[in-house]
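Be aware that the sequence shown starts at 41, since it is given in our numbering, and climbs by one per residue. From the three backbone atoms N, C-alpha and C, an ideal C-beta is built for every residue, glycine too. What follows is a single structure, written as structure tokens, with notes after it.
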Amino acid sequence: MDYYIAWFQSHLLAVVAVAFTLVLIYHYLLERESGIKLSKKYRNSIFEAQSKVFLNATQYLISGKRDLAIKEFLNAVDINRETIETYFALGGLFRSNGEIEKSISIHRSLIARENITEVNRLRALKELAVDFDKGGFVEKAIETYKDVLKINRDQYQVIQSLCRIYENIEDWDGAYNYRIMLSKFAHENQAETISHILVQKAKENLNRGNIRKCADDLEDAFRFAPSVSAKILQLRLHLFSGELEESKYLLLELLKEHPMYASFIFESLSEGVKTPNETERVEYQDRLKLIREFFLKIDDSELLNSHSVILTKVRLLKQNKQSEEALLLINRWLRENENPTEVMKAEYIKILIELNKTEEALKQTSKLLQNLHQSLTKHFCSVCGYNSDDIFWRCPQCHEWETIQFRWKV
Ligand SMILES: [Zn+2]
């Protein structure tokens, strides 16, 4: 027995080569047999008809007539039922035409075929997953994409699609697993995105009142990248746990690093926590009040140079009905800055009206209106320009992470 194994090992290459040759000969004979059935003349006429069909279909496609293109391709399927490429093209056309059920049945029939190469079967399976995905059959799309990966893991686009789906349905565990998988194939660094996903996981745990799990996820998030969203959640977590001094320190750090996030930070903190425990929720709100007071008292010259910090202070003061203080703050800013923004001017006017300083308000308003540029939403995406008043760490339009930009709404 040992002798045979040794012989086999030393002649492995030769054995494989012979087996391979036999397979090739078998296929050659098979093809020759089916080739004989069609006379040369007949095959030529099929070729001519097919070329014509493809030419017509391409012309229809170029002129945007998808329906007619599909008709032409259907003709081609009748002429030669073995043309795999035609099926793929047809499936793709049905899908882009919104006829998902038809493309699904085409790709399913391809997968079920006996005489198809494994490469084409995998390709058909991938196309089927895309059909489900485009058709909004989320569960089936996930399942089918995973089936593709079971056959071949080196599928960048498939993994990317799974990442997108899991992020869309906010399944952060799934999103995390596939993003990690993607990072092994992707050229771009995925650390920032992974950090964001972990922050989302941590946020869910915080809302369930699960502090320890939240802290663990957050720690992992920082290990990947210290994203702004991670820092803001860290601040929220400290507030929630009652560590007020630590929270103040974190707030200062955050503001010095990202002063333009000032208003956004307080918006995020005001989201509160949704734990089932009412005492915890009330305590959080009390601490939030304290940290707002702390922020209003900050007299750091570096921070007071930031237009965002000033505007945030002004708005918080107005919420506290301290409009006189707000007016003092803006007056100081207007004295020190030669070119105040329109938002600052508008805020100034609003306070003047609130304090019944009508004459000054009118004067400022007419000055402002003469050269007003509009700004409609508070946030927009730096990549695709998506506009929203809501906070988005992941752009709902282009699905990029942390592309949010702020502008002050007039
Ligand atoms: Zn975008």
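**Report entry** Start-end ranges of the beta strand (DSSP E) lying completely within the stretch 164-249, minimum 3 residues
**Finding:** none
Requested in this report: Compare the Cα-Cα distances from residue 297 to each of 318, 268 and 211 and report the closest residue.
Outcome: 268
Report task. Work out the CA separation of residue 392 and residue 399 for me, nearest whole Å. Result -> 9 Å
Query raised in the report: Between the C-alpha atoms of residue 234 and residue 436, what's the straight-line distance to the nearest angstrom?
Result: 17 Å
Report task. Would you kindly work out how many angstroms separate the C-alpha atoms of residue 200 and residue 292, rounded to a whole number? Result -> 37 Å
**Report entry** Validate contact between the stretch 173-184 and the stretch 148-161 using beta carbons, cut 8 Å, 3 pairs
**Finding:** no
Query raised in the report: Looking at residue 440 and ligand 3, is the gap between the Cβ and the nearest heavy atom below 7 Å?
Result: Absence of ligand 3 from the depicted structure is noted, with ligand 1 being the only ligands included.
Query raised in the report: What is the C-beta distance between residue 144 and residue 168, in whole angstroms, given that I count them as a contact (C-beta under 8 Å)?
Result: 6 Å
Query raised in the report: Rounded to the nearest angstrom, how far is the Cβ of residue 332 from that of residue 356, given a contact under 8 Å?
Result: 6 Å
Query - Rounded straight-line distance, which links the Cα of residue 163 to that of residue 177 - result: 19 Å
Query - Beta-carbon proximity check, residue 448 vs residue 442, cutoff 8 Å - result: no
Query raised in the report: Whole alpha helix (DSSP H) runs in the stretch 302-371 with 4 or more residues, listed along the chain?
Result: 302-310, 318-337, 341-344 and 347-359
Query raised in the report: Excluding the five sequence neighbours on either side, which residues of its own chain have a C-beta within less than 6 Å of the C-beta of residue 348, listed in chain order?
Result: 299, 300 and 302
Requested in this report: Following the continuous alpha helix (DSSP H) through residue 437, name the residue where it begins and the one where it ends.
Outcome: Per DSSP, residue 437 belongs to no alpha helix (DSSP H) and is neither H nor E.
Query raised in the report: Taking the alpha carbon of residue 284 as the point to measure from, which residue in 254, 125, 316 and 323 has its own alpha carbon closest?
Result: 323
Query raised in the report: Alpha carbon to alpha carbon, what distance is there between residue 159 and residue 74?
Result: With a pLDDT of only 47 at residue 74, under the threshold of 50, the placement of this residue in the model should not be trusted, and no figure is reported.
Query - Extent of the continuous alpha helix (DSSP H) to which residue 424 belongs - result: First-last for residue 424: undefined, no H or E at that position.
**Report entry** Cut-off 6 Å between Cβ atoms - residues of its own chain near residue 142, not counting five sequence neighbours on either side
**Finding:** 134
Report task. Work out the CA separation of residue 341 and residue 210 for me, nearest whole Å. Result -> 41 Å
Report task. Under 8 Å by Cβ, that's how I've got residue 110 and residue 307 pegged, so tell me the actual separation to the nearest angstrom. Result -> Not a contact, Cβ separation roughly 50 Å.
Report task. Please confirm if residue 111 has its CB atom under 8 Å from at least one CB of chain B. Result -> The chain inventory of the structure shown lacks chain B, comprising one protein chain alone.
Query raised in the report: If you draw a straight line from the alpha carbon of residue 129 to that of residue 195, how long is it in whole angstroms?
Result: 21 Å
**Report entry** Straight-line Cα distance separating residue 366 from residue 418
**Finding:** 21 Å
Report task. Could you have a look at residue 156 and say whether DSSP puts it in helix, strand or coil? Result -> coil
Query - C-alpha gap between residue 262 and residue 286, whole angstroms - result: 17 Å
Query - Contact set for residue 438: own chain, Cβ-Cβ below 6 Å, skip 5 residues either direction - result: 423 and 424
Query raised in the report: With a Cβ-Cβ cutoff of 8 Å, do residue 171 and residue 205 count as a contact?
Result: no
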